[in-house]
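Number of protein chains: 2
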Amino acid sequence: MFGNFETYIRDKGLVTEEEVRLMLGKATARKFRRRQLLLREGDVCQHKIFVSKGLLRTYRLKEDGTETIMRFAAENSWIVDHQSYHNQTPTKYNIEAIEDSEVILWTRENFEGLLLVIPTLRDLSERLRIDNLHASQDRILMNISATSEEKYQEFVNAFPEVFRRVPLHMVASYLGVSRETLSRIRHAQQRGQ
Amino acid sequence: MFGNFETYIRDKGLVTEEEVRLMLGKATARKFRRRQLLLREGDVCQHKIFVSKGLLRTYRLKEDGTETIMRFAAENSWIVDHQSYHNQTPTKYNIEAIEDSEVILWTRENFEGLLLVIPTLRDLSERLRIDNLHASQDRILMNISATSEEKYQEFVNAFPEVFRRVPLHMVASYLGVSRETLSRIRHAQQRGQ
DNA sequence: CGATTCTTTGAAAACAGTCAATCTGTGTGG
DNA sequence: CCACACAGATTGACTGTTTTCAAAGAATCG
Numbered sequence: 001m002f003g004n005f006e007t008y009i010r011d012k013g014l015v016t017e018e019e020v021r022l023m024l025g026k027a028t029a030r031k032f033r034r035r036q037l038l039l040r041e042g043d044v045c046q047h048k049i050f051v052s053k054g055l056l057r058t059y060r061l062k063e064d065g066t067e068t069i070m071r072f073a074a075e076n077s078w079i080v081d082h083q084s085y086h087n088q089t090p091t092k093y094n095i096e097a098i099e100d101s102e103v104i105l106w107t108r109e110n111f112e113g114l115l116l117v118i119p120t121l122r123d124l125s126e127r128l129r130i131d132n133l134h135a136s137q138d139r140i141l142m143n144i145s146a147t148s149e150e151k152y153q154e155f156v157n158a159f160p161e162v163f164r165r166v167p168l169h170m171v172a173s174y175l176g177v178s179r180e181t182l183s184r185i186r187h188a189q190q191r192g193q
Numbered sequence: 001m002f003g004n005f006e007t008y009i010r011d012k013g014l015v016t017e018e019e020v021r022l023m024l025g026k027a028t029a030r031k032f033r034r035r036q037l038l039l040r041e042g043d044v045c046q047h048k049i050f051v052s053k054g055l056l057r058t059y060r061l062k063e064d065g066t067e068t069i070m071r072f073a074a075e076n077s078w079i080v081d082h083q084s085y086h087n088q089t090p091t092k093y094n095i096e097a098i099e100d101s102e103v104i105l106w107t108r109e110n111f112e113g114l115l116l117v118i119p120t121l122r123d124l125s126e127r128l129r130i131d132n133l134h135a136s137q138d139r140i141l142m143n144i145s146a147t148s149e150e151k152y153q154e155f156v157n158a159f160p161e162v163f164r165r166v167p168l169h170m171v172a173s174y175l176g177v178s179r180e181t182l183s184r185i186r187h188a189q190q191r192g193q
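Those protein sequences? They're chains W and F, same order as listed. Numbered by the working numbering, the letters in the first sequence go through residues 1 to 193 in order. Numbered by the working numbering, the letters in the second sequence go through residues 1 to 193 in order.
Here is the structure:
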């Protein structure tokens with residue numbers, strides 16, 4: 001269960017074996033089935049989550065019942081509602097397994113503790129946050145300045161792997177376009193236009 | 001020139017007087033006139049900028065000559081192209097003064113140096129980045145799930161001050177809507193609909 | 001296999017963008 | 001003080017894109 005995470009952390013962070021053991025000592029491994037929720041709207045996000053296998057999504061349910069997908073997270077990535085996690089406020093999102101998945105989680109106290117004793121983990125966290133910020137900026141730019149075709153193409157290029165594994169209507173929801181429109185766009189693209 | 005910054009940093013960071021002096025020792029104050037550029041597309045973002053007076057914007061010029069505004073920054077906020085600043089790569093944005101403005105800037109080396117010797121400054125930076133990330137997430141959610149009316153209303157509520165000081169067509173550009181459409185939306189709103 | 005989920009298609013309606021013209025307010029120079 | 005230029009905002013007519021609704025077809029899961 002912890003194997004993927006060990007590979008990941010040895011690769012990304014310059015952590016010692018001792019530090020890896022420390023991290024694993026505070027970690028919990030869990031499995032989730034397709035459709036199962038890891039976080040439910042209204043709850044407080046209590047854990048930092050590492051996806052070691054499978055695919056998750058963060059989405060928001062609007063009043064009218066439609067879903068808006070904020071994020072996909074495949075293996076070797078982290079997923080957390082930063083807003084709820086940092087401020088310990090109720091989340092407005094749901095986190096759900098798209099595929100049967102395996103994750104490793106740390107409670108906030110445990111993770112904060114680790115950050116204090118493992119400086120390179122703090123550095124890694126900071127780096128991830130910066131990457132996340134950059135990606136968010138790019139996504140905003142895309143959202144406000146690109147056509148639907150461009151958004152679609154950009155998504156396929158940026159996340160080919162996720163694209164393969166996710167139903168088209170979820171891509172539509174992530175891009176902020178109706179599923180019918182995305183279906184038509186894809187149709188047009190296929191016949192080279 | 002440094003007065004606003006001193007008030008700001010005493011308020012936000014738990015820094016000592018000695019540390020404030022340290023920061024100011026590495027800082028440069030500059031004035032910019034309306035329309036003047038602080039950063040030009042293709043340059044590398046060399047400075048961390050604090051706005052002590054006035055109003056700036058970060059925007060991108062598309063191939064077809066139209067502008068897309070990524071961000072406004074009024075007094076007591078920071079502005080920097082994170083992507084260019086962190087990776088020292090050419091920026092795709094321009095930063096321009098919307099009003100005559102006064103800023104304080106630090107070169108990257110100087111600022112990084114300060115982060116190392118003033119732990120609370122590092123904490124503040126981290127906090128600002130987190131806030132920025134939260135705001136970006138909210139903006140993405142807005143972009144992909146709200147109607148144009150809602151986006152407009154949300155902007156007015158979130159940034160009433162900036163809204164007052166900025167021409168409407170810039171708000172349109174920030175929201176990703178044509179200026180004509182925004183003009184019509186505003187018209188409809190005024191007569192309570 | 002049957003049920004569910006996902007995708008596609010068509011037609012109509014709502015929405016947003018473009019283009020061109022006009023209107024408004026501000027500031028400058030004569 | 002006036003005329004003019006300029007930036008910004010608005011409006012109308014038109015075009016193009018996207019959504020919505022409804023239905024049907026394809027794929028997948030248990």
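Backbone N, C-alpha and C define an ideal beta-carbon position, used for all residues, glycine too. Because the structure is a prediction, the values reported are computed rather than measured.
1. Can you list, in chain order, the residues of its chain with a C-beta nearer than 7 angstroms to that of W:THR107? Leave out the 5 residues immediately preceding and following it.
2. Could you tell me whether any Cβ in chain W is nearer than 8 angstroms to the Cβ of F:LEU14?
3. Contact check, F:THR120 vs F:GLY54 under 8 angstroms by CB: the rounded distance?
4. Give the secondary structure of F:ARG34 by DSSP, where H, G and I count as helix, E and B as strand, and everything else as coil.
5. If we cut at 8 angstroms on Cβ distances, does F:ARG139 have a partner in chain W?
6. Answer yes or no: does any C-beta atom of chain F fall closer than 8 angstroms to that of W:GLN88?
7. Taking the straight line between their C-alpha atoms, what separation do you get for F:GLU196 and F:ARG33?
8. Which value, in whole angstroms, describes the spacing of the CA atoms of W:LEU37 and W:ILE95?
9. Please state the DSSP three-state secondary structure of F:THR16.
10. Have a look at the DSSP bridge pairing and note the partners of F:THR28.
11. What in chain W is Cβ-close to F:ARG21, meaning under 8 angstroms?
12. Looking at chain F, is there any beta carbon in it that lies within less than 8 angstroms of the beta carbon of W:GLU126?
13. Please report the residue range of the beta strand (DSSP E) in which F:GLU99 lies.
14. Could you list which residues in chain F have their beta carbon closer than 8 angstroms to that of W:LEU175, in chain order?
15. Leaving out five residues on either side along the sequence, give the residues of the same chain with a beta carbon under 6 angstroms from the beta carbon of W:THR58.
16. Starting from F:PHE129, find everything on chain W with Cβ-Cβ shorter than 9 angstroms and list it in chain order.
17. Any beta carbon of chain W sitting closer than 8 angstroms to that of F:HIS169?
18. Helix, strand or coil for F:MET1, going by three-state DSSP, please let me know.
19. Can you name the start and end residues of the alpha helix (DSSP H) that F:LEU151 belongs to?
20. Quick check on DSSP: helix, strand or coil for W:THR181?
21. Please state whether the Cβ-Cβ distance between F:ASP123 and F:THR91 is less than 8 angstroms.
22. Considering only residues of the same chain and omitting the five flanking positions on each side of W:SER178, which have a CB-CB separation below 7 angstroms?
23. Whose C-beta lies closer than 7 angstroms to the C-beta of W:GLN193 among residues of the same chain, with five residues either side of it excluded?
24. Can you list, in chain order, the residues of its chain whose CB lies under 6 angstroms from that of W:ASN76, leaving out five sequence neighbours each side?
25. Closest Cβ-Cβ distance between W:SER77 and chain F: below 8 angstroms?
26. Taking the beta carbon of W:ARG139 as the centre, do at least 16 other beta carbons fall within 10 Å, making it buried, or is it exposed?
27. Can you pull out the residues from the segment 49-75 of chain W whose beta carbon lies closer than 7 angstroms to at least one beta carbon of chain F?
28. Using a Cβ cut-off of 8 angstroms (strictly closer), state whether W:SER136 contacts chain F.
29. Verify the CB distance criterion: does W:HIS82 have a CB-CB separation below 8 angstroms to chain F?
30. Along the beta strand (DSSP E) that carries W:THR58, what are the first and last residues, could you check?
31. Here's a check: name, in chain order, each residue in its chain whose Cβ is nearer than 8 angstroms to the Cβ of F:ARG203, leaving out the five neighbours to either side.
32. Quick one, which of F:LEU22, F:GLU67, F:GLY25, F:ARG21 has its alpha-carbon nearest F:GLU41's?
33. How would you label W:ASP81, buried or exposed, when you count the other beta carbons within 10 angstroms and need 16 or more for buried?
This is what the structure holds:
1. GLN46, HIS47
2. no
3. At roughly 27 angstroms, the Cβ-Cβ gap does not stay under 8 angstroms, so F:THR120 and F:GLY54 are not in contact.
4. coil
5. yes
6. no
7. Since the first residue of chain F shown is 1 and the last is 193, residue 196 of chain F is not available in this structure.
8. 6 angstroms
9. coil
10. F:LEU105
11. Result: empty, since nearest Cβ-Cβ is about 27 angstroms, beyond 8 angstroms.
12. yes
13. No beta strand (DSSP E) contains F:GLU99, which DSSP labels as neither H nor E.
14. ILE144
15. MET70, ARG71, TYR93, ILE95
16. The question names Phe, but residue 129 of chain F is Arg in the sequence shown. Simply GLU126, ARG129, ILE130, LEU133.
17. no
18. coil
19. The sequence given here has Lys at residue 151 of chain F, not Leu. Unbroken alpha helix (DSSP H) run through F:LYS151: 148-158.
20. helix
21. no
22. ALA172
23. Note that W:GLN193 scores a pLDDT of 49, beneath 50, so its modelled location is shaky; the value from the coordinates is reported in the next line. The answer is none, since no qualifying residue turns up.
24. TYR8
25. no
26. buried
27. ARG60, LYS62, THR68, MET70
28. yes
29. yes
30. 55-61
31. Because chain F here runs from 1 to 193, residue 203 of chain F falls outside it and cannot be looked at.
32. F:GLU67
33. buried
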